[in-house]
Amino acid sequence: MTDSDGTPTATPPDEDGASLDVAALLDRIGFDPETNVLTQRQAEVLALREHGLRQRDIADRLGTSRANVSNIESSARENVQKATETVGFAEALSAPVRVEIPAETDLYDVPNLIFDAADEANVKVTYTAPDLMKLISDEASAAIKGRNVRTRLFVSVTSEGAIRVRQATH
């Protein structure tokens, strides 16, 4: 079986995932533990979880405990979150528009803050006000309650008009 680009696809796993070649899968998607924030084992666990295996099945396959697999998965997901935040921070540094949304701001006021900052920087925002509110609510759902921004947010707009939302960590 092959993908649309002609590369072989991973063999679908049987119920316990025994037929899934994780090393081949990681190689096929370009995983390199030397340049990645994940360890080889973390990548393996995430790949197996993404293919529907339970932690107990992964533990059996790797010859370890379910608790250890749980710890590996938790660390991996934390590393992915930190890497995502780091990329967002780097993107915000180079974005021509950066808007801080203070805690206790009405969500309905946020689009105008973004539009005003984008106008000052001569950057076109391709979102409508309702679309911006939805995007911010989706990207920072833990920071929004009803119409109230509960935690300080940072919104950046690239020169192409792409919006990136980050939450303050403190």
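Per UniProt numbering, the sequence shown runs over residues 1 to 170. Note that beta-carbon positions come from the ideal geometry of N, C-alpha and C, so glycine has one too.
Status (buried if at least 16 other CB within 10 Å, exposed otherwise) for residue i
| i | result |
| --- | --- |
| Ser156 | buried |
| Val87 | exposed |
| Gln81 | exposed |
| Ile163 | buried |
CB contact flag (residue i, residue j, <8 Å)
| i | j | result |
| --- | --- | --- |
| Ala76 | Arg150 | no |
| Arg166 | Ala92 | yes |
Straight-line Cα distance separating residue j from residue i
| i | j | result |
| --- | --- | --- |
| Thr11 | Asp27 | Per-residue confidence for Thr11 stands at a pLDDT of 40, beneath the threshold of 50, marking its modelled position as unreliable; the derived number appears in the next sentence. Answer to the nearest angstrom: the Cα atoms are 14 Å apart. |
| His51 | Thr126 | 36 Å |
| Ala129 | Ala121 | 18 Å |
| Phe154 | Asp60 | 43 Å |
| Asn112 | Lys134 | 14 Å |
| Glu160 | Ile58 | 43 Å |
Nearest-angstrom Cβ-Cβ length linking residue i and residue j, presumed shorter than 8 Å
| i | j | result |
| --- | --- | --- |
| Val45 | Val69 | 6 Å |
Unbroken alpha helix (DSSP H) run spanning residue i, endpoints
| i | result |
| --- | --- |
| Glu73 | Arg66 to Ser94 |
| Val37 | No alpha helix (DSSP H) holds Val37; DSSP gives it neither H nor E. |
| Ile163 | Looking at the DSSP string, Ile163 is not in any alpha helix (DSSP H); the run it does join, the beta strand (DSSP E), is Ile163 to Gln167. |
Span of the beta strand (DSSP E) around residue i
| i | result |
| --- | --- |
| Glu100 | Val97 to Ile101 |
| Phe31 | Taken as a continuous stretch (DSSP letters only), Phe31 belongs to no beta strand (DSSP E), as it is neither H nor E. |
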